[in-house]
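Q: FYI, the numbering for the sequence shown is -28 to -1, 1 to 318, going by mature numbering (1 follows the signal peptide of the UniProt record, and there is no 0). I'd like to ask some things about the structure below.
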Amino acid sequence: MHARLIRSAAAVAVAAAGTLTWAPAASAEPAEPTPSASAAPTETPAPDAGSVEIIAKDAAGDALPAATFLLLDSAGQEAGRGQTDAQGKATFPDLAPGVYRLKQTATGSPLHEVVADQDVIVTPGATTRLTITDPFKAAQVLLQAKDDKTGKLLPGATVNIGTGTSTLLTLTTGAKGTASGELPMSSRSTKFWVKEIKAPAGYDLYKPTKTFTAGPGAPVTVTVTNTKTLIDPKPDPSDKPTHKPTPSPSSPGKPSSGNGGTAPSAADRPTPEADSSPDAASSSVAAAPVKDSTPKAPTGSLARTGADATPWLVGGATALIAAGGGALLLTRRSRTDSHADDSTES
């Protein structure tokens, strides 16, 4: 009753003032504190995962099924492993963002080589796509240079091997007449040419350009043949004469090598005057038989020269001088006797 009177009095007072104001009644219960923003627990949402998609093919553009890849995280731990399908595709899902290492462990083909390792970056909520191109295995080339007649292997032959306008390999045969190398391949079958640029010693250059076909990883043998260089025959030194020609014997009256002696020439010898007297004739006949006493060398041997022939030459010259002097003396005496007879008769 008392409370109702109080409320009525309050209502009358408000009505008299013409204004109504609502104020919540105070409560004796303690108010709960409002938590601050800093005191609320912090929760960081997990980032969205990413993925990696791989397409494997060869240099000709054909898909490579059954190619195997390994994905390693930054700590070197395996994060995924996969193999390409018939279209050459492989996917690594649910990867945390970061840098990964992609490693190919198999190509799925005996004709191809694996690629080198590479880094892959995975971003949140995105797919990283990679195209892997596996190269063809190189062809194994064996070069031989042969003699075109005997088939003997020849060292020192140098050839260029290439395709189109490009030279891919240069080989020189060694001591055994062979050389080997690797030819890069761009398809499952490639046509190459071979051209010799240096011939073996003593042989002509093989001028034609040969062609051959090679496949990835397959051995192939290439042979060039060379012809011996023709050389004009030269005279054999053994065909030269082994003996000297035999000189002719010395002529009478000519000087011969010896101790320095010289025989008088025909101009220096006294010549008897022409006379028809018997004495002169007999004198001429007496002087005629004088001959060179130098011994002649036998046929087929060298003539004797030197000091052995000198005494004979000196003796022959002395005999000639003596004979000429005697003939001259007889001639003069005959003329003197003829003049004396003529004087007596007159």
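Glycine included, each C-beta is placed from N, C-alpha and C at the ideal position.
#1: How would you call Asp30, buried or exposed, if buried means at least 16 neighbouring beta carbons within 10 angstroms?
#2: So the beta strand (DSSP E) Glu50 belongs to, where does it begin and stop?
#3: For Leu177, which option in Thr183, Ala147 and Ala117 has the closest C-alpha, if you only look at C-alpha atoms?
#4: Could you tell me the boundaries of the beta strand (DSSP E) in which Gln112 lies?
#5: Going by DSSP in three states, Ile293 sits in which element: helix, strand or coil?
#6: Measure the alpha-carbon distance for Lys200 versus Gly149 and round it to whole angstroms.
#7: For the beta strand (DSSP E) holding Gln76, just list the boundary residues, first then last.
#8: Is it true that the CB of Phe164 sits closer than 8 angstroms to the CB of Thr135?
#9: How many angstroms separate the CA atom of Glu85 from the CA atom of Leu114?
#10: Flag this pair as yes or no: are the beta carbons of Leu74 and Gln90 separated by less than 8 angstroms?
#11: Are the beta-carbon atoms belonging to Ile104 and Val87 less than 8 angstroms from one another?
#12: Secondary structure at residue 319, three-state DSSP: helix, strand or coil?
#13: Have a look at Asp120 and Pro180 and give me their C-alpha separation to the nearest angstrom.
#14: May I ask you to report which of helix, strand or coil DSSP gives Leu44?
#15: Straight-line CA distance for Ser184 to Ala147?
#16: How is the beta strand (DSSP E) around Asp30 delimited, first residue to last?
A: Taking the geometry as given:
#1: It counts as buried.
#2: Residue range Glu50 to Gln55 is occupied by the beta strand (DSSP E) that includes Glu50.
#3: With distances taken between Cα atoms, Leu177 lies closest to Ala117.
#4: Going by DSSP, Gln112 is part of the beta strand (DSSP E) stretching over Ala111 to Asp119.
#5: Note: Ile293 maps to helix in three-state DSSP.
#6: Taking the straight line from one Cα to the other gives about 15 angstroms.
#7: First-last of the beta strand (DSSP E) with Gln76: Gly70 to Ala78.
#8: Contact check for Thr135 against Phe164 passes: the beta carbons are separated by less than 8 angstroms.
#9: In a straight line, the C-alpha of Glu85 is about 21 angstroms away from that of Leu114.
#10: Taking C-beta atoms as the reference points, Leu74 and Gln90 count as a pair closer than 8 angstroms.
#11: Yes, the Cβ-Cβ distance between Ile104 and Val87 is below 8 angstroms.
#12: There is simply no residue 319 to check, as the chain begins at -28 and stops at 318 in what is shown.
#13: The alpha-carbon separation between Asp120 and Pro180 amounts to approximately 14 angstroms.
#14: Correct three-state label for Leu44: strand.
#15: Inspection of the sequence shows that residue 184 is occupied by Phe rather than by Ser. If you take the alpha carbons of Phe184 and Ala147, they lie about 25 angstroms apart.
#16: Residue range Gly22 to Asp30 is occupied by the beta strand (DSSP E) that includes Asp30.
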